[in-house]
Ligand code: PEP
Ligand code: MN
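Residue numbers (this note's numbering): 6 to 337.
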């Protein structure tokens, strides 16, 4: 359950209540927010009169639930707002991996020429083979920082494990938690302590309940800036890399208060299908898209088959605005 207490009770009392209830607690505006397990249905008598409001839940989808906050939370990605009162669908684009300075300069130039603001690029790659390119690590983060400084771009990059989470938090504007890393408690807890936006990608074998519970790890630490990203789940089908769970997206929009971003690139796994799938995603009225684009996909060091080349990406982007407008959205 979630209980609100007025700030008048003071920090010491709020901490004591949280400790007694084995609960999480953070201050938000003029109130303390205390979150226990959802199995608690009533506050102990001694705290009942102190609480200003209480919310009871069936599952541990609590802070992320619409029944707690009946609107999509606003999250700022650089100067762009998603969720809240905005009707923005932000296009986040860039290569799978940061590979070299010339490569990431070309990606940055592409984004600038198309008035896009947010550059993606992985530096710590969670590869399925130890023999594949693992990313440039800190050198890559420094290149992204350079792109931010030279081009004014907002940077999103992924954290693979807790050993470099502080580095990623320092260098990026939005922290991406990868599909294979979303259960790493070291990462989740570090992301709970910052207020930078965190984009969590759904694991390919993760239920929607487990997915939102991951978000709860971050929200319950006091970081309200969480974005959910659907990037495809594993089904019996093998012709496409994964299966984009658009039904799940509807569920998340209906029952959670978190902005939702869709990643058609990783779901499809093949560039030929990415434009159609992206248009379907826009029609879902989501808060953002994550699209992989590379100056020369044929030589990409990771996810070569699914990255769009620059002309295909430009053509795709041109086609999105009318679809967005039809569902009351604006591509930014
Ligand atoms: C990526 O964004 O490049 C990536 C590795 O994604 P995922 O974690 O969804 O596999
Ligand atoms: Mn990738």
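Cβ atoms here follow ideal geometry from the backbone N, Cα and C, with glycine treated the same way.
Residue nearest to residue 80 in terms of C-alpha spacing, selected from 273, 225, 178 = 178
Starting from the C-beta of residue 203, find all residues in its chain whose C-beta is less than 6 Å away, skip the five residues before and the five after it, and write them out in chain order.
-> 180, 196, 223, 231
Should residue 101 be labelled buried (16 or more other beta-carbon atoms within 10 Å of its own) or exposed?
-> Label assigned to residue 101: buried.
Could you tell me which uninterrupted alpha helix (DSSP H) segments, each at least 4 residues in length, are contained entirely in the region 21 to 94, listed from first to last along the chain?
-> 50 to 53
Nonlocal neighbours in the same chain, by C-beta distance under 6 Å from residue 218, ignoring five residues either side = 65
Between the C-alpha atoms of residue 331 and residue 143, what's the straight-line distance to the nearest angstrom?
-> 42 Å
Straight-line gap, residue 175 to residue 220 (C-alpha atoms, nearest Å) = Looking at the two C-alpha atoms, the distance is approximately 20 Å.
Complete alpha helix (DSSP H) runs within the region 131 to 200 (minimum length 4 residues, chain order) | If we require 4 residues or more, the alpha helix (DSSP H) runs fully inside the region 131 to 200 come out as 143 to 156, 170 to 176, 190 to 198.
When 42, 51, 295 are compared against residue 60, the one with the closest alpha-carbon | 42
Taking residue 208 as the reference, which of 259, 271, 264, 198 has the closest Cα?
-> Answer by Cα proximity: 271.
Can you name the residues that DSSP bridges to residue 8?
-> 39, 59
Mind checking residue 93: buried by the 16 CB within 10 Å criterion, or exposed?
-> buried
When you compare only the Cα positions, how much space is there between residue 279 and residue 62?
-> 38 Å
Cα-Cα separation, residue 316 to residue 323 = 11 Å
Any heavy atom of the ligand MN closer than 7 Å to the CB of residue 307?
-> yes
Compute the Euclidean distance between the alpha carbons of residue 307 and residue 16, then round it to the nearest angstrom.
-> 48 Å
7 Å Cβ shell around residue 67 - same chain, five flanking residues per side excluded = 7, 40, 43, 73, 221
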